[in-house]
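Each residue of the sequence shown is one higher than the one before, starting from 1009 at the first, in my numbering.
Ideal Cβ placement from N, Cα and C applies to all residues, glycine included.
First the structure, in the form of structure tokens, and then the observations on it.
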Amino acid sequence: MRRKPYELKVDVKAVYLREHSQPDADQYTFAYTVTMENTGTVPAKLLGRRWIITDANGKTVEVVGEGVVGEHPYLRPGEAFEYTSAATIATPVGSMHGSYQLIADDGMPFEAPIAAFSLAIPRRLH
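If you want it as structure tokens, here you go:
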């Protein structure tokens, strides 16, 4: 199978941060770790990100910014970059999705989608 020139594989894992949350104040904080891998054939630099964060009440927040955690990773084909960040929502369950904006070495801009993933406190047995 022939690889596409402009492709970024994105994997996200989220965990509930009990110690940083205040359920009585409707603040539930989640850490998420993103691993991105350049699965294309052209080196590329990450320029920015766009996140859509939605809580169980349907409230949606859009976060747009440059880089990730203060960095603009440059990835050659096969290279990966991992970082951890956090988001706080007003309900114990929500979701996030979005995209990364990149520029390839040949000058071609492209976007890499970030599939939706859940933000949810662990279930408890009573």
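Opposing strand residues paired with residue i [DSSP bridges]
i	result
G1056	E1074 and Q1109
L1127	G1102
D1063	G1102
L1016	N1046
From the options, residue whose alpha carbon lies closest to that of residue i
i	options	result
S1093	K1021, R1011 and L1016	K1021
A1052	L1083, S1029, E1074 and K1067	L1083
A1120	G1106, I1061, R1026 and D1113	G1106
G1102	V1077, I1060 and V1042	I1060
T1096	D1019, L1025 and Y1036	Y1036
V1069	S1029, M1104 and Q1109	M1104
K1067	D1032, G1073, G1115 and P1100	P1100
Residue i and residue j closer than 9 Å at C-beta
i	j	result
T1049	K1012	yes
I1122	L1055	no
Residue i, buried or exposed, once every other Cβ within 10 Å from all chains shown has been counted against 16
i	result
D1063	buried
Expected contact under 8 Å - CB spacing of residue i and residue j to nearest Å
i	j	result
F1089	Y1014	Contact doesn't hold; Cβ gap of about 16 Å is too wide.
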